[in-house]
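Chain order of the listed sequences is A, B, C and D.
Following this note's numbering, the numbering of the first sequence begins with 4 at its first residue and continues without gaps.
Following this note's numbering, the numbering of the second sequence begins with 4 at its first residue and continues without gaps.
Following this note's numbering, the numbering of the third sequence begins with 139 at its first residue and continues without gaps.
Following this note's numbering, the numbering of the fourth sequence begins with 139 at its first residue and continues without gaps.
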Amino acid sequence: MPLAYSELRQRTKARDRSLRDKVMSLEEAAKLVQDGDHLAVGGCTASRTPFAMIWALVRAQKRGLTVSRSIMSTEGDIFYASGLSQHLITSWFSQGIVWGVSKVMRAYTESGRARFEEWSHMAMGLRYRAGAMGVPFLPMRSMLGSDVLGRVSGGSAGPADPAFAAAKTMECPFTGETLLLVPALNPDVAIIHVQRCDPYGNAQLDGLTFMDIDIAMAANKVILTTERVVSNEQIRRQPDQTKIGFFTVDAVVEVPFGCAPHECYGLYEPFYSHMDMYAQMTARDPEAGARDYLERFYHEPKTWADYLSRIGMAELIDAQRRGSAIHDD
Amino acid sequence: MPLAYSELRQRTKARDRSLRDKVMSLEEAAKLVQDGDHLAVGGCTASRTPFAMIWALVRAQKRGLTVSRSIMSTEGDIFYASGLSQHLITSWFSQGIVWGVSKVMRAYTESGRARFEEWSHMAMGLRYRAGAMGVPFLPMRSMLGSDVLGRVSGGSAGPADPAFAAAKTMECPFTGETLLLVPALNPDVAIIHVQRCDPYGNAQLDGLTFMDIDIAMAANKVILTTERVVSNEQIRRQPDQTKIGFFTVDAVVEVPFGCAPHECYGLYEPFYSHMDMYAQMTARDPEAGARDYLERFYHEPKTWADYLSRIGMAELIDAQRRGSAIHDD
Amino acid sequence: MTTDSALDAPARIQAPDALPAPDAPPAYTASELLAVMSARLLKEGQTVFAGVGIPLLAAILAQKTRAPGLTILFEGGVIGPFVEAGKLPPSTNEQRCTRRANMLVSITEVLLMLQRGYVDVGFMGGAQIDRFGNLNSSFIGDPAHPKIRLPGTGGGNDIASLADMIVAMKHEKRRFVEKVDFITSPGFLDGGDTRAQAGLPAGGMFRVVTDLGIMGFDAVTKAMTVLALHPGVTAQAIKANTGFDLPVPADAPVTEPPTELELSILRELDPQRLYTA
Amino acid sequence: MTTDSALDAPARIQAPDALPAPDAPPAYTASELLAVMSARLLKEGQTVFAGVGIPLLAAILAQKTRAPGLTILFEGGVIGPFVEAGKLPPSTNEQRCTRRANMLVSITEVLLMLQRGYVDVGFMGGAQIDRFGNLNSSFIGDPAHPKIRLPGTGGGNDIASLADMIVAMKHEKRRFVEKVDFITSPGFLDGGDTRAQAGLPAGGMFRVVTDLGIMGFDAVTKAMTVLALHPGVTAQAIKANTGFDLPVPADAPVTEPPTELELSILRELDPQRLYTA
């Protein structure tokens, strides 16, 4: 169910939205997330996944989160396996097509221990956008007639899981057509990784923006991790390049390579060997493999640099070489 | 009334949306506009007004157009006074605050010879956006309770002019709140001026984009005028700077200073002395003044360069000097 | 566009008769008084959606005095600019509005920020206002056969529907009317909870600043009431310039007159006296 | 994300038994056959929304042969890229997808292009398809207690709801079923006009390309029917590999086998045989 407008406005009014320095550590930013929150994750599949922030949330032992994202890749496995979330909302969830169906996702969902609430990709986008616009729904023309709709609203495929938000069909008062109304999503916290932003949270995004701009506007708190913190003066020289405004942002954390082993547009591509290794670790016994992986990469390293060291210097250099060459001849 | 979806899809399917050279002259582009069309105009107030294209349409003696724009300035006077349109749809219409209420607008509307259909600024934006999204309406939370709403939908201020599109209130099926549904606008033709685009119509816009991106997506035909035509290779080096895609565009016309006497972001500011002169010409007898102005600046000059010459070289150089200095220290 | 001067063309707000300035050290115009008094209502860290004219001048003045972190929003799609002295924009939609901004977005996006709740204060002028703070900038006379067709709402309706409002305008009987000819921008509609009932649960009139005083609205009836009088203005004078019964508390405080600093900043901003003559 | 290989992990589509290639000069895999046959369905000047895997390979192949002006759209928000040979993207959402693109937009925007009607063809793979072209990429078995939880719809549902569809998939009895376990992406639902009645008046299944043949749908009943068989494939073979009654016209034409040029381009594109093994 979307928030009542008065509730949405009250939550927004209660925030300190002023122009102020918000730079802090991963650990401090993790404190902005409460157990049970709805957490929205920026990026898509293996792109601009805010892995450093996810790493900090896992280490801070958050519990009972509902997590939404446009498309989920290995971070979805991490949410389930770490105990951080038993309820993911997304349109597609697996490590990636080249690695096949996620064994960890299968283990948790097929046993009924975790929910994977599936919406169409456009529905995810419009749910965030409705939240960003301050309206309780947006109309759309897909999902109709499918079991994807039935599963989140009740219908031909049987009653929906009551934990799922409902979508509703309506007859258009102008044209008489059947439309689907998807409910707004206003996440409690959004975590988004950007190429650069200033200490206030004015962020410039290069390349693909996915659903991040709407997510930032929709959320009640936004944590930005960034490859670099730049000055507000630098931002003000090209204001038409700012994609996320400071007024939505509550925390800024500088974390170079903050998406590893995923990519950050223009800076580094996915760390493919590491992704292959993860797939191998979780192939035979997905749960034990994911536990091992969490131990080695999430719990044992003391800092993000330690984490990167375990992934390996050669991997990092290779990912950076590939990632910085996208538009080369 | 918004278009039925089947009609919208058929219109779009019938267009040649392929990647092809669309460069042509102002006169050729003017032929894409039919008498009676709904014409949407890009830019806002005195910014990126596609005056060269308006000049060509006036010279081609188009008649019976319905014209919409976010906010109308002197081009609105031109639409009325030239006989091109007797029905303008916008949120605000006058030359500009510093010049006071438009005498030409007053002459035509107070005498009942022309319609000025007034919507809130956000309603204009969401009507174009609904058209861009392929939905018959979008929900919003302003205009409610006001006579602006009553005038376009019937209500406390009396029955609406039947020529006005109706907005409808609804009870939200999720929250029970009262919402306003504003009908989609899918203009027959949009005219938009940009800083640069390629021969296919991939356009980069600097600075303020106003409602232009939604207008381009919503319209059934798009005519771009541009300060410069650049190569497709140049566009492809920075694809994240493309704001209007070729697939929406039907004509590309290269017209330097194509917004004069209004401004084009980063290149030239409004030609203030000329704007003052226009205000003086239309101050005493608005209609005679506008006729004189049309004769001197629209009908007598043979080319756009002639038009600019009549505005004057010193004015042009001054507007360019001011316009290129926006971010200077 | 939110009109500051819709009734007159070009509107040069004159110093009201009620203002006896001879013995007060800093002489100022009615517009300067409006700008200064409005500026003082803005707080550090706020986000204010400002129209061109007095609202913009007041917002910049606040930025340059007590609220350096004030974020100004313009309807053209501008977030957090620093307007350059002597280069005031002709509307909120030209490039001058974008100088040193934090962010530029589309018009629709900047208006949706209001709807989402990211704006603390909407700040605009008005041609006509009534007891319940409803504003008219569309028609003088019967809308079907108007005496004057005004420029219309622009973003005014959206701002007044969705944010807490400050309105700055000249205090005249023909502007402060019992009922506006046309509700362009909603105040409290018919008072009481009629605004929320119409589907506008958020925002509403907060202050009306004029050259005579500062007005607020009763918490229950939502009718306009005087909160403070400017120096030299009597209860009688403000009532005489209002077209409806405007309560003036017996103990209404008197505002501090504009300071030399405030006036010098304003005059540097608008050396051609476009908005402050 | 539109899944090309959801049933197997990682799905390496094997050459089917029905394909006797020994005497045909250019030897090719079933995946290469799929890519070539799909590519030939794309026309110059079209806009095609393509998933990763066979659809992407086919679209690039078309671009490099008969349709240099083909515009490819990726779900990640990419319009008109040129993917570099040997650097196929792992999904439609990484930067490799953006090389030399005309335009990048948000995910929501690129999907709305489908809804607005700007896309000629949607092109994706499928795990399971039924007589009326409904696709399943969500659950194998009862959705409440699935045997396999598949990755889900991604953009598949949106594409299939809003565009004319080409589906490329392996022709197996377990994939071509009477009724899919779960309708992830709508085809013609229950046939006839049930699709339009559900609120989907536009788009619909156009072609299904497999390693055995090319299928279309009856204009009235909307049931799948064979349009052409690939070289060496018999009517009996295609029926035997289909889990529902699939009509094969007696005069069904035979497709032209892949050419050396087509195969060499494919192999240059995917030298590691990620998608064409």
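Where a beta carbon is used, it is the ideal one built from N, C-alpha and C, also for glycine.
Does V392 (chain D) pass the burial test, meaning 16 or more other C-beta atoms within 10 Å, or should it be called exposed?
It is exposed - the Cβ of V392 (chain D) has fewer than 16 other Cβ atoms within 10 Å.
Roughly how many angstroms separate the alpha carbons of K181 (chain D) and T178 (chain A), rounded to a whole number?
Rounded to the nearest angstrom, the two C-alpha atoms are 34 Å apart.
With a threshold of 8 Å, are at least 3 pairs of Cβ atoms found where one atom belongs to the segment 256–270 of chain D and the other to the segment 289–300 of chain D?
Enough Cβ pairs lie closer than 8 Å, so yes.
Please compile the residues from chain B whose C-beta is within a distance smaller than 9 Å of the C-beta of P144 (chain A).
First, the residue type needs correcting, since residue 144 (chain A) is Arg and not Pro in the sequence shown. Within 9 Å Cβ-Cβ: Y8, G137 and V138.
Is F250 (chain A) close to chain C? Criterion is C-beta to C-beta, closer than 7 Å.
It does: the Cβ of F250 (chain A) has a partner Cβ on chain C nearer than 7 Å.
In the structure shown, what three-state DSSP assignment does L211 (chain D) receive?
Strand at L211 (chain D).
What residue range is occupied by the uninterrupted beta strand (DSSP E) comprising T291 (chain D)?
No beta strand (DSSP E) holds T291 (chain D); DSSP gives it neither H nor E.
According to the neighbour-count rule (16 or more other Cβ atoms, all chains shown, within 10 Å of its Cβ), is S312 (chain A) buried or exposed?
Burial call: exposed.
Where in the segment 188–247 of chain B do unbroken runs of the beta strand (DSSP E), each at least 3 residues long, occur, reported from the N-terminal end onward?
For the segment 188–247 of chain B, whole beta strand (DSSP E) runs of length 3 or above, ordered along the chain, are 192–200, 225–232 and 245–247.
Any beta-carbon of chain E closer than 7 Å to the one on S244 (chain C)?
The question asks about chain E, but that chain is absent: this structure's protein chains are A, B, C and D.
Tell me whether H283 (chain C) is buried or exposed, calling it buried when 16 or more other Cβ atoms sit within 10 Å of its Cβ.
Looking at its Cβ environment, which holds fewer than 16 other Cβ atoms inside 10 Å, H283 (chain C) is exposed.
Give the residues from the segment 187–210 of chain A that approach chain C closer than 9 Å (Cβ to any Cβ), ordered along the chain.
So the list reads D201, Y203 and N205, given in the order they occur along the chain.
Tell me the rounded alpha-carbon separation between N240 (chain D) and F212 (chain D).
The straight-line gap from Cα to Cα measures roughly 12 Å.
Could you work out which residue in B:G204, B:L91, B:H277 and B:L68 is closest to G115 (chain B) when comparing CA atoms only?
The candidate whose alpha carbon is nearest that of G115 (chain B) is B:L91.
Using the Cα positions of V347 (chain D) and Y83 (chain A), report the straight-line distance between them to the nearest angstrom.
Those two C-alpha atoms are separated by around 37 Å.
With 7 Å set as the bound, which would you pick, yes or no: does the beta-carbon of S21 (chain A) sit closer than that to a beta-carbon of chain C?
Closer than 7 Å to some Cβ of chain C, the Cβ of S21 (chain A) qualifies, so yes.
Cutting at 6 Å between CB atoms, please list the residues of its own chain near R3 (chain A), excluding the five before and the five after it.
In this structure chain A extends from 4 to 332, so residue 3 (chain A) is not present and cannot be described.
Where does S327 (chain B) land, buried or exposed, given buried means 16+ other C-beta within 10 angstroms?
With fewer than 16 other Cβ atoms within 10 Å, it is exposed.
For T230 (chain D), count the other beta carbons within 10 Å of its own beta carbon; 16 or more makes it buried, fewer makes it exposed. Which is it?
The residue is buried, with at least 16 neighbouring Cβ atoms inside 10 Å.
I'd like the ranges of any beta strand (DSSP E) spanning at least 3 consecutive residues and lying wholly in the segment 114–176 of chain B.
Qualifying beta strand (DSSP E) stretches, in chain order: 118–121, 140–143 and 171–174.
Can you tell me whether DSSP reads C235 (chain D) as helix, strand or coil?
Residue state, collapsed to three classes: helix.
If we define contact as Cβ-Cβ less than 7 Å, is P273 (chain B) a contact residue for chain D?
No - not a single Cβ of chain D is within 7 Å of the one on P273 (chain B).
Ends of the beta strand (DSSP E) at D302 (chain D)?
Per DSSP, D302 (chain D) belongs to the beta strand (DSSP E) from D302 to A306.
How would you call P273 (chain B), buried or exposed, if buried means at least 16 neighbouring beta carbons within 10 angstroms?
Answer is buried; the Cβ neighbour count reaches 16.
In the DSSP assignment, what residue or residues form a beta bridge with G103 (chain A)?
Note: G103 (chain A) sits in a beta bridge opposite A:G99.
I'd like to know if the segment 202–220 of chain B and the segment 37–56 of chain B are in contact, where contact means that at least 3 CB-CB pairs between them fall below 8 Å.
Because the criterion of three Cβ pairs below 8 Å is met, the segment 202–220 of chain B and the segment 37–56 of chain B touch.
Can you tell me where the alpha helix (DSSP H) with I376 (chain C) in it begins and where it stops?
First-last of the alpha helix (DSSP H) with I376 (chain C): A373 to A378.
Going by the DSSP bridge assignment, what does L2 (chain B) pair with across the sheet?
The structure shown does not extend to residue 2 (chain B), since chain B is modelled only from 4 to 332, so the question has no answer here.
From what residue to what residue does the beta strand (DSSP E) around Q253 (chain D) run?
Element bounds for Q253 (chain D): not the beta strand (DSSP E) but the alpha helix (DSSP H), I245 to R254.
At which residues does the beta strand (DSSP E) containing A197 (chain D) begin and terminate?
Not the beta strand (DSSP E): A197 (chain D) falls in the alpha helix (DSSP H), residues I192 to K202.
Taking Cβ-Cβ distances below 7 Å as the criterion, which residues of the segment 235–263 of chain D are in contact with chain B?
Within the segment 235–263 of chain D, the qualifying residues are T236, R238, A239, N240, M241, L242, L250, Q253, R254, G255 and Y256.
Using a beta-carbon distance below 7 Å, is E318 (chain A) in contact with chain D?
With 7 Å as the cut-off, E318 (chain A) does not count as an interface residue toward chain D.
Quickly, what does DSSP pair I217 (chain C) with across the bridge? List them, please.
BP columns for I217 (chain C) point to C:L211 and C:M241.
Anything in the segment 206–236 of chain A with a Cβ closer than 7 Å to a Cβ of chain C? List those residues in chain order, please.
From the segment 206–236 of chain A, only M220 have a Cβ closer than 7 Å to chain C.
Using the rule of at least 16 other Cβ atoms within 10 Å of the residue's Cβ for burial, across every protein chain shown, is A33 (chain A) buried or exposed?
Buried, because 16 or more other Cβ atoms sit within 10 Å of the Cβ of A33 (chain A).
Output needed for P160 (chain D): all residues of its chain with C-beta closer than 6 Å, excluding positions within five of it in sequence on either side, in chain order.
Residue placement at P160 (chain D) cannot be trusted, given a pLDDT of 49 that sits under 50; what the coordinates show is reported in the next sentence. Counting only Cβ-Cβ distances below 6 Å, and skipping sequence neighbours, we find nothing.
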